[in-house]
Amino acid sequence: MIPLFRVVGMLGLTALCACSEERHPLDRHLADLRPVKVVKLPDMGWPPGTILCTMAIYQNELIDSAPLADRVNEFLKKKQFRGTEDYWSLIVVKPMPEGDAGIEQLLIKSGDYDVINDLDRIMRDAETLPPGFTPQACVPLEKARVLVTRTQRNYRKLIIFGTE
39 MIPLFRVVGM
49 LGLTALCACS
59 EERHPLDRHL
69 ADLRPVKVVK
79 LPDMGWPPGT
89 ILCTMAIYQN
99 ELIDSAPLAD
109 RVNEFLKKKQ
119 FRGTEDYWSL
129 IVVKPMPEGD
139 AGIEQLLIKS
149 GDYDVINDLD
159 RIMRDAETLP
169 PGFTPQACVP
179 LEKARVLVTR
189 TQRNYRKLII
199 FGTE
């Protein structure tokens, strides 16, 4: 006869494992990067011509000047998406003719880094902005680079998408 506390313990451990979130490979990659550097994104299997757009925490839509903003914002509106403090988003827009076809939203839990795309905040908070790196909310996959830096105030790691 198995003691009751062992059964309860095993059930609790099983439930804990079942509830743990699997991190997206991009999330693991970004978390492992060390400041200050500009790096190319790892191959995620997205086709050439894909556009990547970042949305920071609390952000509900892309700014109007971003490429494909109307199409992505319509997609987010249909999903009734509301940004929170717990997640940032990477919008993956694969080369498709129109509408929702080819749009994917990756919700990535905020962890030990912040993704920012607001130019004013980048200029205020980023410890270093290397020459030749241009921050952008939306970037073509082939030119996409990630700047890893720190905030000037609390040394929290910042991730900024852009081109070089």
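Quick note on this note's numbering: the sequence shown kicks off at 39 and runs consecutively.
We treat Cβ as the ideally placed atom computed from N, Cα and C, and that holds for glycine.
From a predicted model like this one, the values you see are computed outputs, not experimental measurements.
For V110, three-class secondary structure by DSSP: Within the sequence shown, residue 110 is the residue found at index 72, counting from 1. Three-state DSSP puts V110 in a helix.
From I198, K116, Q174, residue whose alpha carbon lies closest to that of E142: Locating residue 142 in the sequence shown gives position 104, counting from the first residue. Here the closest residue by C-alpha is K116.
T122, buried or exposed, once every other Cβ within 10 Å from all chains shown has been counted against 16: Within the sequence shown, residue 122 is the residue found at index 84, counting from 1. T122 should be labelled exposed.
Whether S148 touches W126 by CB criterion (8 Å): Looking up residue 148 in the sequence shown gives position 110. Looking up residue 126 in the sequence shown gives position 88. Between S148 and W126, the CB-CB gap stays under 8 Å.
Test item: CB-CB of L185 and F171 under 8 Å: As a first step, residue 185 must be located in the sequence shown, where it is residue number 147. As a first step, residue 171 must be located in the sequence shown, where it is residue number 133. Contact: yes.
Closest by C-alpha distance to E60, when choosing among L145, M82, F119, Y193: Stepping through the sequence shown from its first residue, residue 60 is reached at position 22. That would be L145, whose Cα lies nearest to the Cα of E60.
Residue from N98, M161, I154, P63 with nearest C-alpha to M82: Taking the first residue of the sequence shown as position 1, residue 82 is located at position 44. Nearest of N98, M161, I154, P63 to M82, Cα basis: P63.
Where N192 sits in the DSSP three-state scheme: Along the sequence shown, one-based indexing puts residue 192 at 154. In the three-state DSSP reduction, N192 falls in the coil class, being neither helix nor strand.
Alpha carbon of P105 to alpha carbon of I154, nearest angstrom: Position 67 of the sequence shown, counted from the first residue, corresponds to residue 105. Position 116 of the sequence shown, counted from the first residue, corresponds to residue 154. A straight line joining the alpha-carbon of P105 with that of I154 spans about 17 Å.
Exposed unless 16 or more other CB atoms sit within 10 angstroms - verdict on R66: Taking the first residue of the sequence shown as position 1, residue 66 is located at position 28. Classification for R66: exposed.
Start-to-end residues for the alpha helix (DSSP H) that takes in I160: Taking the sequence shown and counting its residues from 1, one reaches residue 160 at position 122. Its alpha helix (DSSP H) spans residues 157 to 163.
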